[in-house]
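Asks: In my numbering, the protein residues as written are 99 to 153.
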């Protein structure tokens, strides 16, 4: 069974990988840069809250 810390780290790794890939696609398609910025903000918020929960 996973420890909560390990599980949240695994989740973060997967989430960041997925977000990074979608951001790369958006940049390659020269889509709205604001979308990419909002993705980054979402990542930061999720990371911050997960760190708070784990600690």
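A virtual CB, placed ideally from N, CA and C, is assigned to each residue, including glycine.
Model, not experiment: these values are computed from the prediction.
Taking the alpha carbon of residue 117 as the point to measure from, which residue in 141, 132, 107 and 106 has its own alpha carbon closest?
Replies: Walking along the chain shown from the start, residue 117 turns up at place 19. For residue 117, the nearest C-alpha among the options comes from 141.
Asks: So, helix, strand or coil for residue 110, using DSSP?
Replies: Working through the chain shown from its first residue, we reach residue 110 at position 12. Three-state DSSP puts residue 110 in a helix.
Asks: As a quick exercise: from 144, 149 and 150, pick the residue whose alpha carbon is nearest that of residue 113.
Replies: Locating residue 113 in the chain shown gives position 15, counting from the first residue. Here the closest residue by C-alpha is 144.
Asks: Using CA atoms only, rank isn't needed, just tell me which of 108, 109, 137 and 132 is closest to residue 119.
Replies: Residue 119 sits at position 21 when you count from the first residue of the chain shown. For the residues 108, 109, 137 and 132, the minimum Cα distance to residue 119 belongs to 137.
Asks: In whole angstroms, give me the CA-to-CA distance for residue 115 and residue 108.
Replies: Position 17 of the chain shown, counted from the start, is the residue given in the question as residue 115. Position 10 of the chain shown, counted from the start, is the residue given in the question as residue 108. Rounded to the nearest angstrom, the two C-alpha atoms are 11 Å apart.
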